Each structure stands twice: as C-alpha cells, then as structure tokens.
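2 protein chains.
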Amino acid sequence: MSNFYALIMAGGSGTRLWPISRQNRPKQAIELIDNRTMFQHAVDRLETLLPPDRIMVVTAREYVEILAGQVPDVPRENFIVEPMARDTAAAIGLAAVHLRHRDPEAVMAVLTADHYIRDVDKFRRVLSAAAQVARQGHIVTLGIQPSFPSTGFGYIRQREQLDEVDGFEVCWVDSFVEKPDLDRATEFLTTGLYSWNSGMFIWQISRIMAEFARQMPELYAQLQMIAAALATSGGTEVVSDVWPQVRKETIDYGVMEGAEDVIVIPVDIGWTDIGDWAAIYQLHEPDGSGNVVVGAEHLSVGTNTSFIQGGKKLVATIGLENVIIIDTDDVILVCARDRAQDVKLIVEQLQSEGKIEFL
Amino acid sequence: MSNFYALIMAGGSGTRLWPISRQNRPKQAIELIDNRTMFQHAVDRLETLLPPDRIMVVTAREYVEILAGQVPDVPRENFIVEPMARDTAAAIGLAAVHLRHRDPEAVMAVLTADHYIRDVDKFRRVLSAAAQVARQGHIVTLGIQPSFPSTGFGYIRQREQLDEVDGFEVCWVDSFVEKPDLDRATEFLTTGLYSWNSGMFIWQISRIMAEFARQMPELYAQLQMIAAALATSGGTEVVSDVWPQVRKETIDYGVMEGAEDVIVIPVDIGWTDIGDWAAIYQLHEPDGSGNVVVGAEHLSVGTNTSFIQGGKKLVATIGLENVIIIDTDDVILVCARDRAQDVKLIVEQLQSEGKIEFL
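Listed below in structure tokens is the structure:
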C-alpha cells in the first residue's frame, strides 16, 4: 500500500511524568520503559508496515530537534511544527494539509507516542486491516478492549459487525462516550459493546478534510490558507500568522462525535497509556514484595507495592506501601501511588512560582 | 564547688539517625537541631556551672578528633578514649579512675550528648542541687517527669521525699524498672511516682568506686590496674591490654539496681531523647499541615505531618502522611514515621552486605 502514511502525534509535554519528563525533554523523548524512547518505539512499531519516509510527525518547535535526532531514518522534512499547541483537531488538520500536498490519495493513520503496545505484530496487522477499511471511505478508529472499568478513558460503543478483515472484527460505531464514572464503566464492561478510545484513527486524507469542511469550517478555512501557501512559499510564515487564531479543540469532540459511518476495530494489543508513574509501575514485573525498582540501588525494610526510580543515590525505604519515589539530578519526588495524576499539580506550582529551572 | 566535674558520654554511633549520622560523623558530632552539634550543646549547657577544664569526655578513638575540634575550650587531655565500646559501666569506670587520679575528692556528673534539653537554666540549677546531695555520699539520678506513657525508656519509682534542695524535690529511689509495656507505662503515669531514667547520674568519685568494688569486682580490678598505670606511665598501654577483656554491662544493671540509698530528683527540664528522626520531628514547630521541613526546598500537594530534611535537591511530595524523608549527598531515606526505629535495620543491612561507603 504505497499511499499509506503514519502521523505520529508527538507534541505533548507529559507533566504527569515530571520530574523525568521536563520542558526541554518531554516524556515521548525519554527512555521510560527500556533503552528506546517512547517516540522511538512509536517509529519502531511501524517497521515492515511502511518505510520511514512515510512517517510524519507533528510536534512543538522546542521538541523537533531532540525527536528528529532520535529517528535518523525519518526525513527531517516529515516533521511538522505547530507554533503553539492547539489541541488534536488542529494538529491533525495541519498534518493533513501537508500530507494532501504530498499525496492527495493518502490514507493516514493517526498514532500516538505516549502509549505502550506490547503486541507489536498484532498492532501492525490491525493497522493494515484498518487501512483497507479506510480505503473504502470510512473513518476508522482502533478500540482497545478494556481490561478494567477505567474512568480515565473515553469509550466507543459499537453497533453490529460490518465485516471481518484479516481476522479482525469491523463494527459500526454507535457513539463516542466521554469518561464515565465507575458505575457506568463497570456496566460498559458487562455489555461487551464498549472499547476504550485509543486516539488512533485511520482515514483517507480526502475524507478527513471533508469532515473538517463540514464540521469545523473555521479550522478548515485556516487550513486551506496554509494549504495555498504550501503550494508556493512552503507555508511556514502563514502557519505562524494563522495559528494563534486557531481555536483549541479535540479531534474527538470536533470531528469524531459528529461523523457518519465511523468504524471501530476492537482489538487487544497490550495497549497501555503511559500517562503517569502509576502506569509505568504497572508495566513492570514486580518483585516478591510487589516493588518495581528501576536504575536505583535500593534497600528495603518492609516496603511493598512501590515504584522506585533512581538516581545516583542509594534509596532506603522503611514501612512504605504504594509509594512512588523518583530521584533525578535536581529533584526527588515522593508520591502516593494513587495520587500519581497529581504530579501535574506540582508542575503547575512550579510554573506559578516561576521556578523554571525545575520545569 | 571547685571539685565538681562533668563527664559527657559521647561514644555512641547513632545508627537510627542514619544517613545523616555516619560512622565517621556520629550523631553527637552533627548539627541535628540548629547550628551547634549535639556534643557542643552538651558542653554549652555546662557554661556558668563549671569551667571547661572540668569537663571530661569519654568517647571512641575514631570520634576524638572531630569532637575535640568542636569544643576548643575543653582541654585535649580531658578526652578519655575507650579502645572499644564496653557499654556504660566500663566507660564510666574508666573516666572515674582518670578523675580520681586527678582529684580524689571529685563529685562527678555523668551526662549525655544525645539528649536535647529545652530549659538549660533549670538543668544547671538541678545539677547544682544534685551535686550538693551527692556530696553527702548519695548516688543521685535525675528523673525526667514523663510527658506520655513511653515504652522506650526505663523508669525510676520513688519512695518518700527526703529533702528539698534549691526548690527541687529530693526523693529516695524505690526501684529501677525496665522498659514497660504500654499498659504498665500508662499505670505508672497515673501514680505520679515514676520518672524516666535519663541516664544522668551524680556521685562522689569515692562512692561510685566503692560500688564498683562491691557490685562489679571484676571490672573494679581491671580499673585498678589502669589506675596504677595512670600514676606511672599514663595508662594508655594498659587500657589497650585490659579493655578487650572487660565485659559489657550497663551502669543501670551493673550498679544502679543494686545500690543502696539512691536518690532521684524528678524534674521537668524539656528533656528529649534524640533517638531517631521521629524525635527530631517532634522537636520542631510544624507548619499548618503538620510538616517540618529542614534545609530543603519543598513543594507539597496534600502532604501532612511529615518530616523532610534536605539536601541540595527540590523535594516534591504528594499524598503523604507521617513520612520521613532525608536527602543526603549519597543517600535518600524514605521512612514511615512510626517505623523510625527501624532505620538501624538498614544500617545492619549495609554492614552485612559490606556496603561500607554508606555507613
């Protein structure tokens, strides 16, 4: 499939993974799980599926150099820079006009750099199946089969099966559902009709542009201005002019919820959102006390189900349960594991107090 | 009172205050509370009561230099070195023969370097009163009026009052009681007859030597050998020969429990045993969240009743209660506050694993 392209969304800042994730080195640019960065994994996963020159990346200006340096096989011109963050609809739209300029027949897979996928082979196969479905004009989304009643993800409710492609069930989408409370999430799981919204989408470039035109006409007009400039000057200046006026909107709210004939392919690929330190703890095999220790010399007396990441220092812990300890060169974070989401509040405090050296 | 002397016991290693207290810099040699070390405070407290040349110190060979350097007014020859730790009876005995050699009429106050005393003025006054009582031939001990039913201290049960000296109640001791369980400790408090055994004793040198002769004849004989050598060669060599054979015994068990006409002066001087990090937490005024932060830059989200000592690093804490965090150049300790005693288990692990760089 020579006109199948991937777009890796790599613009996030990852404040919930502070203090490892920093302003000049966001989470997708770090070796969080092993000796490859999250972004390198996102590129690695596409190997055999499509060549590096068909991998596009959208990110922020301050991250371009570090990310490009990590994947030398991906051409530098495939990195699309957002002058400022305008959420997923605009980021995808910007990449889409670049891609349309390059190949109007393109089928585009929108992928992420902040998820871990255990079963990479299956991921490749389902992407390939999704591309076949997208080629028929559908908007396709990958639905993750829920492993627990998460209240942290949006859900996709499916209708009847439309087809089976390469062994994958292909279903009509009934609706997109925002993050539920625990009762509803539990109910969702019992029906078997819901999957997690992974934020991975596959569509023809012509189809998504038509959706922008229909559902987000203001953004579409702005994208068309950029498209016109792309054909002549390269577009950078026009993007700089237009972008500050672009409204922030998610692709889910701006396009997906209002789109017709949307397809979901529910799949189990060992997908994990690397959202916070608690998620990273879950990715590792704990020791006999339920502890996960990464890169630290650790001595324990009565410490259980905790996550410790070093660090040049010896970390000694006594009588702790469900605690996260992260030691970096300039910061020590000690956090209750069930409060891992609140790491972003520390980052907000640092911002409001102007302590930029720790951001 | 020109023949009143103080002996400061400064030989402990303070493993429960690791990782600040280290093998080459034990807790008495560190600024644990303010900018004076515990040992300096022990010397400072005697100011106006007796001159520096009447302050004796008994300690281990490896601590002599650091301690002597901290109190330049105390003559170097007043530091008595134990070749190895042989517990309090032998340490006091060794100091006693040195002191008898210098002044057979001496009255000796045995004091500690690992306690904090808030009311220094009252401490001086009660010591002075105790010296007057000791001069009558009694063994005197300072009893600390208990502020809570501690199970960590031995207790002294008093009989009827014998006298009042300078406003202090002077009572006969009924018995010394080992560390009780919580029920007994609670009962002790209701009677009003019990005080904590502070480990501070005041006696004539002739009296304590007589007690050694009567109750610990083996130690007494060993001390007499040292005394004989003191009169001629200075004694260092004889101490090196004799000390390995000395049996370990506490002064409480070896002498106090079997002594007659022992006096207790129960007193409230704001005394705290600086035994572990939980005790140091208690010494400070906590902030509105009950936290005590010493020398660290600290950011908190939902952290309560915790103790944080830095450190060059920013310490960020989220969702913690009753936690102790100590950051040093090579170690981070994170410890449940009610497990502060178990810090010594970490030190034992380090010893058994031969990780001497952290000791």
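Going down the list, the sequences are from chains A and B.
My numbering applies: residue 2 is where the first sequence begins, and numbers increase by one.
My numbering applies: residue 2 is where the second sequence begins, and numbers increase by one.
All C-beta atoms, glycine included, are put in the ideal place defined by N, C-alpha and C.
In this text the structure is predicted, and so the values were computed from the model without any measurement.
Contact fails between the segment 65 to 85 of chain A and the segment 116 to 133 of chain A, because fewer than three Cβ pairs, one in each stretch, are under 8 Å apart. Residues of chain A with a Cβ closer than 8 Å to the Cβ of D343 of chain B are, in chain order, V302, G303, I319 and G320.
When rounded, the separation of the alpha-carbon atoms in L112 of chain A and S290 of chain B is 44 Å. In the structure shown, the three-state DSSP call for E219 of chain A is helix.
With respect to chain B, the C-beta atom of D74 of chain A has no partner C-beta closer than 9 Å. For R26 of chain A, the nearest beta carbon of chain B is not closer than 9 Å to its own beta carbon. For the 9 Å CB-CB criterion, A97 of chain A and E83 of chain A do not form a contact.
Looking only at B:S3, B:K123 and B:Q24, the smallest Cα-Cα distance to W272 of chain B is reached by B:K123. Between the segment 326 to 336 of chain A and the segment 307 to 315 of chain A there are three or more C-beta pairs closer than 8 Å, enough to call the two in contact.
Along the segment 126 to 150 of chain B, there is no position whose C-beta sits under 8 Å from a C-beta of chain A. By the C-beta density criterion, S148 of chain A is exposed, having fewer than 16 other C-beta atoms within 10 angstroms. Taking each of B:L346, B:V316, B:A230 and B:E322 in turn and checking the Cα distance to V239 of chain B, the smallest one comes out for B:A230. The continuous beta strand (DSSP E) containing M57 of chain B extends over residues I56 to A61.
Minimum Cα-Cα distance from W278 of chain B among the listed residues B:E250, B:M2 and B:R338 corresponds to B:R338. CA-to-CA, the gap between M217 of chain A and A228 of chain A works out to about 16 Å. By the 16-neighbour rule on beta-carbons within 10 angstroms, G13 of chain A is buried. Against chain B, a Cβ distance below 8 Å from Q350 of chain A picks out L300 and V302. By the rule that beta-carbons nearer than 9 Å mark a contact, T89 of chain B does not touch chain A.
Beta-bridge partners assigned by DSSP to V265 of chain A: A:T142 and A:C172.
Scanning chain B for C-beta atoms nearer than 8 Å to the C-beta of R340 of chain A yields V302, G303, I319 and G320, reported in chain order. Cα atoms of M109 of chain A and G355 of chain B: separation of roughly 58 Å, rounded to the nearest angstrom. The alpha-carbon separation between E188 of chain B and M257 of chain B amounts to approximately 23 Å. Contact between M226 of chain B and V243 of chain B holds: their C-beta atoms lie close to 6 Å from each other, under 8 Å. Between V141 of chain A and F202 of chain A a beta carbon distance of about 7 Å is seen, short of the 8 Å cut, so the two are scored as contacting. For P53 of chain B and V75 of chain B, the gap between their C-alpha atoms comes out near 5 Å. In this structure, B:H99 is the residue among B:P73, B:H99 and B:P27 with its C-alpha nearest to the C-alpha of S234 of chain B. In terms of Cβ geometry, D115 of chain A and N198 of chain A do not form a close pair [threshold 9 Å].
Annotation for V111 of chain B: the continuous beta strand (DSSP E) segment containing it runs V108 to T113. Taking all protein chains in view, the Cβ of R77 of chain A is surrounded by fewer than 16 other Cβ atoms within 10 Å, so the residue is classified as exposed. With at least 16 other beta carbons inside 10 angstroms of its own, K314 of chain A counts as buried.
Residues of the same chain with a CB within less than 6 Å of the CB of E298 of chain A, apart from the 5 flanking positions on each side, are L315 in chain order. With respect to chain B, the C-beta atom of I326 of chain A has a partner C-beta closer than 9 Å. Taking all protein chains in view, the Cβ of I209 of chain A is crowded by 16 or more other Cβ atoms within 10 Å, so the residue is classified as buried. When DSSP states are grouped into helix, strand and coil, I34 of chain B belongs to the coil group.
For A280 of chain A, the closest alpha carbon among the candidates A:W204, A:R17 and A:M2 is that of A:R17.
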